[in-house]
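Counting in full-length UniProt numbering, the sequence shown runs from 1 upward without gaps.
Structure first, then comments.
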Amino acid sequence: MNYKISVIIPCYNAESTLNRCIDSVINQTFGFENIELILYDDASTDSTKKIIENYANQYSNIVPIYSTENSGFPVRGRNEGIKIASSDYIMFMDNDDEYDLNICQFFYNIISESNPDLISCGKFNLDYLSNEYNLTTPDDKTKLNIKKEDILYFEDRFIWNKIYKKDILLENNILFPENKYAEDLYFNIKYLLHCETLIDVPEYKGYIRHVQEDSISRSWNLDDMSHILDVSKLIFSEISSYQNIDFSRLYKKEIGIIIYKLYSLHLLNNKKEVIIFLKKIHEFEKEISFNAALDSIQDLANRLILKNRYGLCYYYLKIVEKIYNSNNLRKLYRKTT
């Protein structure tokens with residue numbers, strides 16, 4: 001059977017969310033018979049493997065992979081999925097999220113019309129601050145054709161709201177770096193280096209994220225944050241020889257995200273460790289000659305970092321943390337950023 005799209009889902013201890021996730025692929029208006037669904041179980045200790053087995057027994061286009069040893073990161077499942085995918089186009093999903101039921105058809109319509117190297121859409125966060133999903137139906141006016149000279153600087157670095165060409169991945173040996181956070185950053189920049197055409201439709205919220213209070217994003221620490229810098233340095237070492245790359249523009253979003261996570265994820269408890277980390281940010285920014293302006297909150301913090309005012313930056317971020325973690329103020333923050 002020749003499938004049109006391969007969807008790859010790495011799974012680990014997802015018994016409470018996996019049925020919803022898989023069903024959102026099965027129920028695609030595109031027709032599930034056109035989709036190859038690759039489910040990688042990373043040695044789960046709950047009933048995740050049994051759930052996958054049940055679905056695989058029902059559908060011949062569900063490809064299960066069972067690991068005997070937990071890797072600790074979702075990237076191994078994604079990489080294994082890329083290697084065995086039989087379709088020309090690849091999509092990713094996390095095991096606790098879901099697709100809008102039209103996303104595959106929506107992407108494939110654009111592929112049929114324009115055949116871009118990458119298509120991206122918007123996402124919708126479902127959490128305790130926002131728990132109602134309202135579909136936005138896009139029209140042609142909402143499509144953004146990103147120019148080739150701007151493709152590398154495309155700021156949406158998530159992987160699960162996109163569709164990729166398998167031949168670009170395989171021909172350029174593009175895989176996720178293992179045992180690292182910020183793997184999306186590495187994967188997307190490596191892919192964008194080889195893109196000629198990109199279509200973005202941010203008004204279409206085709207990916208639905210279920211943001212849980214106890215998710216990994218709520219339990220990061222400064223060591224985990226260092227992974228972002230490590231991956232950023234890895235990318236820089238690999239592409240620094242490319243001509244005419246504006247590294248300030250390329251890394252603008254990542255520097256902003258790093259600072260944002262410091263105050264939004266409660267990472268400011270140990271002043272000494274935070275200041276050591278702020279110095280690491282400064283060292284990296286010096287290496288890439290970073291001089292871009294960030295969003296207002298992050299920009300002031302970064303100016304203090306660049307001026308070696310680490311203590312003052314720390315106390316500023318502590319104030320921002322208190323403001324941000326007020327539910328009412330966080331809703332206002334979302335509307336203004």
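Each residue gets a CB set at the ideal place from its N, CA and C atoms; glycine is no exception.
Since the model is a prediction, treat every value here as computed from it, not as a measurement.
- [ ] Report the option in Asp97, Glu149, Pro116 and Ile151 whose CA atom is closest to the CA atom of Leu126.
- [x] Your numbering for residue 126 matches position 126 in the sequence shown. For the residues Asp97, Glu149, Pro116 and Ile151, the minimum Cα distance to Leu126 belongs to Asp97.
- [ ] Spatial neighbours of Asn159 within its chain, please: CB distance less than 7 Å, with the 5 preceding and 5 following residues excluded, ordered by chain position.
- [x] Residue mapping note: residue 159 aligns to position 159 of the sequence shown, counting from 1. In the sequence under discussion, the amino acid at residue 159 is Ile, which differs from the Asn named in the question. Cβ within range, chain order: Phe92, Asp184, Phe187 and Asn188.
TODO: Would you identify the three-state DSSP class for residue 355, choosing helix, strand or coil?
DONE: This structure leaves residue 355 out entirely; the chain is present only between 1 and 337.
TODO: Have a look at Ile119 and Glu36 and give me their C-alpha separation to the nearest angstrom.
DONE: Position 119 of the sequence shown holds residue 119. Position 36 of the sequence shown holds residue 36. Straight-line Cα distance between these residues: approximately 19 Å.
Task: Sequence-distant residues of its chain with Cβ nearer than 7 Å to Leu18 (five each side left out) - done: Walking along the sequence shown from the start, residue 18 turns up at place 18. Closer than 7 Å at Cβ, skipping near neighbours: Cys11, Thr48, Ile51 and Asn95.
Task: Start-to-end residues for the alpha helix (DSSP H) that takes in Cys104 - done: Counted from its first residue, the sequence shown places residue 104 at position 104. Residues Ile103 to Ser114.
- [ ] Taking 8 Å as the cut-off, decide whether the C-beta atoms of Tyr315 and Ser264 are in contact.
- [x] Locating residue 315 in the sequence shown gives position 315, counting from the first residue. Locating residue 264 in the sequence shown gives position 264, counting from the first residue. No, the pair does not count as a contact, with Cβ atoms beyond the cut-off.
Open item on the list: According to DSSP, is Leu18 part of a helix, a strand, or is it coil?
Closed with: Translated into the one-based positions of the sequence shown, residue 18 becomes position 18. In the structure shown, Leu18 sits in a helix (DSSP, three-state: H, G or I).
TODO: Determine the direct distance from the alpha carbon of Tyr181 to that of Ile231, and round the result to whole angstroms.
DONE: Within the sequence shown, residue 231 is the residue found at index 231, counting from 1. Within the sequence shown, residue 181 is the residue found at index 181, counting from 1. Rather than Ile, the amino acid found at residue 231 in this sequence is Val. So the alpha carbons of these two residues sit roughly 8 Å apart.
Task: Coil, strand or helix - Glu36 by DSSP - done: Locating residue 36 in the sequence shown gives position 36, where the first residue counts as 1. Note: Glu36 maps to strand in three-state DSSP.
Open item on the list: Using 8 Å for Cβ pairs, my map puts Ile38 next to Gly81. What's the rounded Cβ distance?
Closed with: Along the sequence shown, one-based indexing puts residue 38 at 38. Along the sequence shown, one-based indexing puts residue 81 at 81. Between Gly81 and Ile38 the Cβ distance is about 4 Å, and since that is below 8 Å, they are a contact.
- [ ] Compute the beta-carbon to beta-carbon distance between Ile8 and Asn34, rounded to the nearest angstrom, for a pair I have assumed lies under 8 Å.
- [x] As a first step, residue 8 is located in the sequence shown; it is residue number 8 there, counting from the start. As a first step, residue 34 is located in the sequence shown; it is residue number 34 there, counting from the start. That belief does not hold up - the Cβ atoms of Ile8 and Asn34 are roughly 16 Å apart, past 8 Å.
- [ ] Measuring alpha carbon to alpha carbon, tell me which of Arg76, Ala43 and Arg78 ends up nearest Asn70.
- [x] The residue you call residue 70 lines up with position 70 of the sequence shown. The candidate whose alpha carbon is nearest that of Asn70 is Ala43.
Open item on the list: I need the straight-line Cα distance from Gln28 to Ala56, nearest angstrom please.
Closed with: What you label residue 28 is simply residue 28 of the sequence shown in a count that begins at 1. What you label residue 56 is simply residue 56 of the sequence shown in a count that begins at 1. Between Gln28 and Ala56, the C-alpha separation is close to 17 Å.
Open item on the list: Please report the distance separating the alpha-carbon of Met1 from that of Ile103.
Closed with: As a position in the sequence shown, residue 1 is number 1, starting the count at 1. As a position in the sequence shown, residue 103 is number 103, starting the count at 1. Taking the straight line from one Cα to the other gives about 22 Å.
Task: From Arg20, Cys313, Arg303 and Gly256, residue whose alpha carbon lies closest to that of Ile275 - done: Position 275 of the sequence shown, counted from the start, is the residue given in the question as residue 275. If we check each option's Cα against that of Ile275, Cys313 comes out closest.
Open item on the list: Could you give the first and the last residue of the continuous beta strand (DSSP E) run that contains Val211?
Closed with: Numbered from 1 along the sequence shown, position 211 holds the residue referred to as residue 211. Looking at the DSSP string, Val211 is not in any beta strand (DSSP E), and its letter there is neither H nor E.
Open item on the list: Am I right that Asn161 and Gly122 are in contact with their C-beta atoms under 8 Å? What's the rounded C-beta distance?
Closed with: On the sequence shown, position 161 is the one that residue 161 refers to. On the sequence shown, position 122 is the one that residue 122 refers to. Yes, they are in contact, since the Cβ atoms of Asn161 and Gly122 sit about 7 Å apart, within 8 Å.
TODO: Give the secondary structure of Lys252 by DSSP, where H, G and I count as helix, E and B as strand, and everything else as coil.
DONE: Taking the first residue of the sequence shown as position 1, residue 252 is located at position 252. Lys252: helix per DSSP, three-state reduction.
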